[in-house]
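Residue numbers (the working numbering), protein chains in the order written: chain A, 1 to 401; chain B, 402 to 836.
This report refers to the structure that appears directly beneath it.
Quick look at the structure:
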C-alpha cells in the first residue's frame, strides 16, 4: 500500500517514467552499478535542473533510496550522522548521530561506508565498527553494537568501508579476514573469521554452480564465502598497496573481474570446480575507489589514484583491451541506466553519455558540485543524487518533461 | 679483475675509441632499495627514471610491502628485482653499486654501514642517525669506504631554495640576526590510543623493531606512523626540523651551534600510552628549540594544533634582516617582505614534484654525477651529519630539561654526563651499536 501511495505521489509531482526503480543499497538494486530505470531525460539545456540540495557533513558515503526515502551519512563536530530525506523533495525526515572520530589519515576524513535498506529497516556499519539497525521510518535504533570490539577484528588502516549485505536473515559484513555474519533481527554473531585486516569492498552476492556466495576483498585477497555459514570457497591472492582492496568485483557468468588502484591494475578470473583461473591482467584500468560497471561486454570505470587525475575509460571485458579513455576526468564514479553512462567527475561535473565502446560522447553535462566527488552518482525514480567530500548533496531532476 | 675496476676501464676504453664511433651503452648501476615503502619508492622511481639504474633487489621486513614494491618496479622499468626480507642477504648476494636506504630512522646507521662495507654508494634518508653517535659512525664508515653518500635533504637542491639562498646571500635581506624555523598544523586534540594487534601475516615485527625496543604491533607505527614514536624516530623536530636546520647551516656557513635549549610536551595530545592492549605516539605535540650560533640565534617551533591564518606561513623559515624578512617555505615558495613602507614584496614560486612536494629527481641526478665525477654530492654525509645532529641535540635538551653546550670538535656535550649518555642508546640484541 505504501509503495502505491509513493507511486501516486510521484505521478502527481513528476511525469511518469517508462520504468522507475529504487536504489536501496550500495551500487544499486543488483549491486553492479546498473539501474533498470528507463525514460529519464538524458539531455538538458544550460544548467542541470536541480530538484533539491542538502548538507550532511564530511565524508564519501553513497546515497541509498527506497520507499520514498533517501539516506546517506556524514561527519561533523566529533559525530557521524545518518540523514534520511524525503527522496523527492529533500525534506529532512530524521537523523541519527553518534560520537565518532574524524579519522583524517592522509585525507579529510569523515564517513566512508554506505547504508543498506532492507524494507523498513536500515543497516549501517561505521568506519570504527559501530553496527546498527535503524527503523527506516523514524531513525530509531532497533539494535546496535560495535562489531569490531565484539569479534576482535582490527580496523583496516582507513576503517571499515563496505556496506552491510542482506542475505536472508543475515547481514554479511566485510569485517575480519573473511567476513562476519550477523542475525539481522538482533545483531547476534552467527559466524566470524580470523581477527585480521578486512578490505574496503562491499560483499557482493553471486551464484555459481547452484551455490550462493558473497565475494569481497580483504587486506591481501579477494575471496568468496558461503554467506550462510561463512565457509570459505576460494581466495585469490591480490595484494594492493596499504591493503586497499576497495573496489567491488564484477561477476558475469563464470567470470570475475577484480581491479584496484596504486598501479595494481585489473584481472579477469574464470571460476570452475577448483581455484579461479586467471585469464588476463591489465594495467589499463586501475580502480582505486569506485568499481567499474559492466554493460554489454564492456567495462566503464575510472583508472588511476586520487593523487593523480584519473581517466574515465572503456575496456573490453573479454580481453581487457582499452577502447577509449577520457583523461582528466578525476576520481569520480560512473553508473549505467538505459544504455547510458551517468558519470560524475572528480570535480563535480555530471555527464550523460551513451555507454558505447565507440567513444565518450556526452549528450548533456553540467557542473553540479565542487570537488572532491569520490562518490559515484545514484539514479532512483528520475532523480540523480550526487555528493562531494564536504557533504554537499545536489539532486538533479531527470524526469521527462 | 674486480667488476668495478673492469667497468671503469671499460668506460675509459669507450672514450678512447673517439666521438665518431658509438660507444657501447655503459652498464647500468645495480641498484637496491632497503625499506620499500612509500618514500623509498619515491626515491627508487627517480633511479628508474634516470635510465642509468637497474633495480636488482628490494628489501623489506613486510612481505606485502615487498610484493607490492616488486610489482611496481616491474611495471615501471621492466626490471625484476629479487625480493629479500633481510637487507644483509640482499647486500651480500646482489653486490649493488647503489643502495637506497629508506627504513625508519632507527635502522639508518646499521643499513648504511653494511651497504658501504658491501661496496655500494648510498642514498640514505634524513636524518642520518637516530642518535648522534650513529650518525658519527655513518660518517666514519663513509670515509673508510670512499663511496659517495647522499642524504635525502632535497631542500639543498630544490629550485626555490637555491634561488632563495642566493637572494639571502646577496644582501637583499640586510644583516640577519635571527632565524625562526617552524611547522604548524591546525586541529589537534587528545590522542586516542590505538589498539595493539596481532602481527600481520608476512610481517617480521622483531626485525622491524631491530635495535630499538620491541613493542606490540600497531597500525600507529606501521606503515608511516613511527615518525612520532621516539624509539624509532625523533618526532617533528627530527622529521621536518632537520630540513630547515640544514638550510640555516647552508646559509650561514656556521658548522654548529654553541648552546641548545629545547622545551615542549604533549599538553594537547595527552600523556603517552603504552600498555599490552594499546598505545599512542610519544613525540611532543609542540616544541621550541633555541640554537645559539656565533652570529645569530635560531629558533625551531612546531605545533600540531592552532595553526591558522594568524601566521601567514605554516611551514618553513623566516630570516629576520635589517632590510626585511625572507620567508623560505615549501609549496608557497619564497617571499621577501621588505622593512620599508611601500617596499616591493618579492616572490618566487616553488617547483616541486607532486603529489608529495619534493625535489628528489634533482637530488638523484646530483648523486649520480657525484658517483661519476667522484666529487662530493650536494647533500653529502659530511654536511648532513652536522645538520642531523641539530635536531638530535634538541631532543637531548628536551629530554634532560636543560640547556646543553655543544663541543663540535670533540662531539661532546660539555660538562654533562647525563646528556652525553644520550648521544647513544642501548641496542636490543643481537644488534650492536655502531662505532
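Every residue gets a Cβ at the ideal spot worked out from N, C-alpha and C, and that includes glycine.
Taking 8 angstroms as the cut-off, the Cβ atoms of residue 389 of chain A and residue 90 of chain A do not count as close.
Beta bridge pairing from DSSP links residue 692 of chain B with B/661 and B/699.
Using a Cβ-Cβ cut-off of 7 angstroms, residue 481 of chain B is close to nothing in chain A; its nearest Cβ partner there is about 15 angstroms away.
The alpha helix (DSSP H) runs of length 4 or more contained entirely in the segment 734-816 of chain B are, from start to end of the chain, 761-774 and 782-801. Considered as a whole, the segment 419-487 of chain B harbours 439-450 and 464-478 as its complete alpha helix (DSSP H) runs of no fewer than 4 residues, in chain order. Using a Cβ distance threshold of 8 angstroms, residue 174 of chain A and residue 216 of chain A count as a contacting pair. By alpha-carbon distance to residue 269 of chain A, the top candidate from A/298, A/152, A/261 and A/252 is A/252. Neighbourhood of residue 197 of chain A in chain B, by CB distance below 7 angstroms: 601, in chain order. Ranked by how close their Cα comes to the Cα of residue 693 of chain B, the residues B/649, B/677 and B/712 have B/649 in first place.
Burial state of residue 368 of chain A is buried, judged by a 10 Å Cβ sphere holding 16 or more other Cβ atoms.
Between residue 724 of chain B and chain A, the shortest Cβ-Cβ separation is not below 8 angstroms. The beta-carbon distance between residue 448 of chain B and residue 491 of chain B, rounded to whole angstroms, is 15 angstroms. This is too long to meet the 8 angstroms contact definition. In the DSSP assignment, residue 546 of chain B falls within the alpha helix (DSSP H) that extends over 533-546. At a C-beta separation below 9 angstroms, residue 126 of chain A has no neighbours in chain B, since its nearest C-beta there lies roughly 15 angstroms away. Taking a beta-carbon distance threshold of 8 angstroms, residue 242 of chain A counts as an interface residue toward chain B. Neighbours of residue 239 of chain A in chain B, taken as residues at a C-beta separation under 7 angstroms, are given in chain order as 465, 468 and 469. By the Cβ criterion, the segment 239-246 of chain A is in contact with the segment 460-474 of chain B, since at least three pairs of Cβ atoms, one from each stretch, lie closer than 8 angstroms. Looking at the backbone, the Cα of residue 790 of chain B and that of residue 303 of chain A are separated by about 44 angstroms. Collapsing the DSSP output to three states places residue 329 of chain A in coil. The beta carbon of residue 16 of chain A sits no closer than 8 angstroms to any beta carbon of chain B. With fewer than 16 other CB atoms across the displayed protein chains lying within 10 angstroms of its CB, residue 748 of chain B is exposed.
Relative to residue 794 of chain B, the option among B/541, B/717, B/705 and B/530 whose CA is nearest is B/530. Using a CB distance below 7 angstroms, the part of the segment 746-776 of chain B facing chain A consists of 756, ordered along the chain. Between the alpha carbons of residue 690 of chain B and residue 508 of chain B lies a gap of roughly 25 angstroms. Within the segment 622-635 of chain B, contact with chain A at the beta-carbon level (separation under 8 angstroms) is assigned to 624.
Residue 45 of chain A sits exposed, since fewer than 16 C-beta atoms from the chains shown fall within 10 Å of its C-beta. Contact annotation, residue 642 of chain B with residue 727 of chain B: C-beta distance approximately 19 angstroms; criterion of less than 8 angstroms not satisfied. Per DSSP, residue 728 of chain B is not a residue of any alpha helix (DSSP H); the beta strand (DSSP E) it occupies stretches across 725-729. Close CB contacts of residue 115 of chain A within its chain, under the 6 angstroms cut and outside five residues either way in sequence, are with 64, 71, 122 and 124 (chain order).
Here residue 697 of chain B really is in contact with residue 578 of chain B; their C-beta atoms are around 5 angstroms apart, less than 8 angstroms.
Counted as a single uninterrupted DSSP element, the beta strand (DSSP E) harbouring residue 86 of chain A occupies residues 79-86.
From the listed residues A/283, A/338, A/233 and A/47, the smallest Cα separation to residue 294 of chain A is found for A/338. Scanning the segment 140-187 of chain A from its first residue to its last, the whole alpha helix (DSSP H) runs of 4-plus residues come out as 147-151.
Contact note: residue 327 of chain A does not reach chain B at a C-beta cutoff of 9 angstroms; the least C-beta distance is about 17 angstroms. Three or more Cβ pairs closer than 8 angstroms define a contact, and the segment 515-535 of chain B meets that threshold against the segment 546-553 of chain B. For residue 319 of chain A and residue 561 of chain B, the gap between their C-alpha atoms comes out near 47 angstroms.
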